[in-house]
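For reference, the structure is listed below as structure tokens.
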Amino acid sequence: MWLYLAVLVGLYYLLRWYRERQVVSNLRDKYVFITGCDSGFGNQLARQLDLQGLRVLASCLTEKGAEQLRDRTSDRLQTVILDVTKTESIAAATQWIKERVGDRGLWGLVNNAGIAAPITPSEWLTKQDFMKILDVNLLGVIEVTLSLLPLVRKARGRVVNVSSVVGRLSLFGGGYCISKHGVEAFSDSLRRELSHFGVKVAIIEPGSFKTSLSNNNRISQSFREAWDHASPEVKEIYGEKFSASFVGPSGSAVWDATSAWLDEQCHVCTQDLNWWNPAPRKRSDGKA
Ligand SMILES: NC(=O)c1ccc[n+]([C@@H]2O[C@H](COP(=O)([O-])OP(=O)(O)OC[C@H]3O[C@@H](n4cnc5c(N)ncnc54)[C@H](OP(=O)(O)O)[C@@H]3O)[C@@H](O)[C@H]2O)c1
267 MWLYLAVLVG LYYLLRWYRE RQVVSNLRDK YVFITGCDSG FGNQLARQLD LQGLRVLASC
327 LTEKGAEQLR DRTSDRLQTV ILDVTKTESI AAATQWIKER VGDRGLWGLV NNAGIAAPIT
387 PSEWLTKQDF MKILDVNLLG VIEVTLSLLP LVRKARGRVV NVSSVVGRLS LFGGGYCISK
447 HGVEAFSDSL RRELSHFGVK VAIIEPGSFK TSLSNNNRIS QSFREAWDHA SPEVKEIYGE
507 KFSASFVGPS GSAVWDATSA WLDEQCHVCT QDLNWWNPAP RKRSDGKA
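FYI, in this note's numbering the residues of the sequence shown are 267 to 554.
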């Protein structure tokens, strides 16, 4: 009896493994739109997909970022300026994409743009500090997705949302972990709603990578600014010693913990775009 059960379970995993890895055909005809391609993961993913021959529509926050990306890619890759916190900017980018994809629709939407600072004890922060991060990392993801869903549905495509390991387990204060938990919840409900239309929704949960988002100087500076603006009461409770220990030598924790292998994360995202049945959520090492 136990042997039959073990064989059945084994067969189930084998079938799942096989189904997941079926590669989508005609990838060269497919359009993929990525947010936040000025630097880091978005930039690398845009270049990688361009090399693979997909039609990449890359959005950057700045013209300088867009220009630098175009310089390093083929003529197939096109760029647009997008600030995911601005409704008008999202509407303009949506129109721009519509004109390019036409009746084919949009095969892939990768919601990648994000910010992390300030990362400090929550008590030091204001509502505005939280709103700043939620605006980009969560509301930006939601508004871009809602705006582009008709085009993704047309292609029976997929949405890939870049979350984080801290989208599963909150490790520090500030808006970042909250925003990533929100991205996970949004993605899970969207996946159920859209499965009827043949649209897939996948989440990537990277660990720690060396990008400008995790740059220790940036994080330390935002920590110092939050400390400077904290109320006298908070300063008295936490004390200079606590603040100095965070910003001092141990403050390099985020940077030190990072891996240089951005490629890994791009590889996982590529699977979400190229495989027929990508797993609903994956860490950046590809494990579900
Ligand atoms: N690096 C890690 O360790 C790590 C770990 C877990 C998850 N992630 C996630 O991975 C994603 C990419 O981050 P990354 O590490 O590659 O950092 P990054 O290099 O800073 O990339 C983030 C990109 O988002 C852009 N951006 C910022 N605000 C924006 C806005 N309002 N509208 C549009 N674009 C905006 C940035 O533009 P500028 O460069 O011009 O500011 C930048 O190009 C993020 O969602 C992040 O949360 C990263």
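Glycine included, each C-beta is placed from N, C-alpha and C at the ideal position.
In this text, all values refer to a predicted model and were calculated from it rather than measured experimentally.
Can you give me the C-alpha to C-alpha distance between residue i and residue j, rounded to a whole angstrom?
{"i": "S509", "j": "L405", "result": "31 Å"}
{"i": "D337", "j": "W390", "result": "42 Å"}
{"i": "F475", "j": "M267", "result": "47 Å"}
{"i": "V275", "j": "L269", "result": "10 Å"}
{"i": "N309", "j": "W362", "result": "20 Å"}
{"i": "S511", "j": "G473", "result": "24 Å"}
{"i": "E409", "j": "L271", "result": "46 Å"}
{"i": "G464", "j": "V426", "result": "14 Å"}
{"i": "N543", "j": "E450", "result": "19 Å"}
{"i": "N378", "j": "K330", "result": "18 Å"}
{"i": "V298", "j": "N540", "result": "11 Å"}
{"i": "T351", "j": "Q288", "result": "36 Å"}
{"i": "C443", "j": "S486", "result": "17 Å"}
{"i": "I469", "j": "C535", "result": "9 Å"}
{"i": "K398", "j": "Y284", "result": "42 Å"}
{"i": "S488", "j": "A383", "result": "6 Å"}
{"i": "A312", "j": "H447", "result": "25 Å"}
{"i": "E491", "j": "G380", "result": "20 Å"}
{"i": "D304", "j": "D316", "result": "15 Å"}
{"i": "I503", "j": "W493", "result": "12 Å"}
{"i": "R282", "j": "D538", "result": "15 Å"}
{"i": "R458", "j": "R549", "result": "20 Å"}
{"i": "P416", "j": "L327", "result": "24 Å"}
{"i": "G433", "j": "L479", "result": "16 Å"}
{"i": "N292", "j": "N403", "result": "32 Å"}
{"i": "D401", "j": "K507", "result": "32 Å"}
{"i": "A545", "j": "T392", "result": "37 Å"}
{"i": "H557", "j": "F438", "result": "No answer is possible for residue 557: the residues shown for the chain start at 267 and end at 554."}
{"i": "F452", "j": "L375", "result": "15 Å"}
{"i": "E333", "j": "K420", "result": "30 Å"}
{"i": "K364", "j": "L323", "result": "11 Å"}
{"i": "V407", "j": "I300", "result": "11 Å"}
Quick one: does the C-beta of residue i sit closer than 7 Å to a heavy atom of ligand 1?
{"i": "C303", "result": "yes"}
{"i": "S474", "result": "yes"}
{"i": "L415", "result": "no"}
{"i": "N483", "result": "no"}
{"i": "L456", "result": "no"}
{"i": "S436", "result": "no"}
{"i": "G406", "result": "yes"}
{"i": "N540", "result": "no"}
{"i": "T328", "result": "yes"}
{"i": "F307", "result": "yes"}
{"i": "T351", "result": "yes"}
{"i": "G331", "result": "yes"}
Identify whether residue i lies in helix, strand or coil by the three-state DSSP scheme.
{"i": "Q574", "result": "Outside the shown range of the chain, which is 267 to 554, sits residue 574, and nothing can be said about it."}
{"i": "W493", "result": "helix"}
{"i": "K296", "result": "coil"}
{"i": "L435", "result": "coil"}
{"i": "S488", "result": "helix"}
{"i": "M267", "result": "coil"}
{"i": "N543", "result": "coil"}
{"i": "N481", "result": "coil"}
{"i": "L327", "result": "coil"}
{"i": "K507", "result": "helix"}
{"i": "V534", "result": "helix"}
- Task: Please list the segments of the beta strand (DSSP E) lying wholly inside the region 341-422, counting only runs of 3 or more residues, in order along the chain.
- Result: 344-347 and 374-377
- Message: Threshold first: 4 residues or longer. Then list the alpha helix (DSSP H) segments lying entirely within the region 438-473, N to C.
- Response: 441-460
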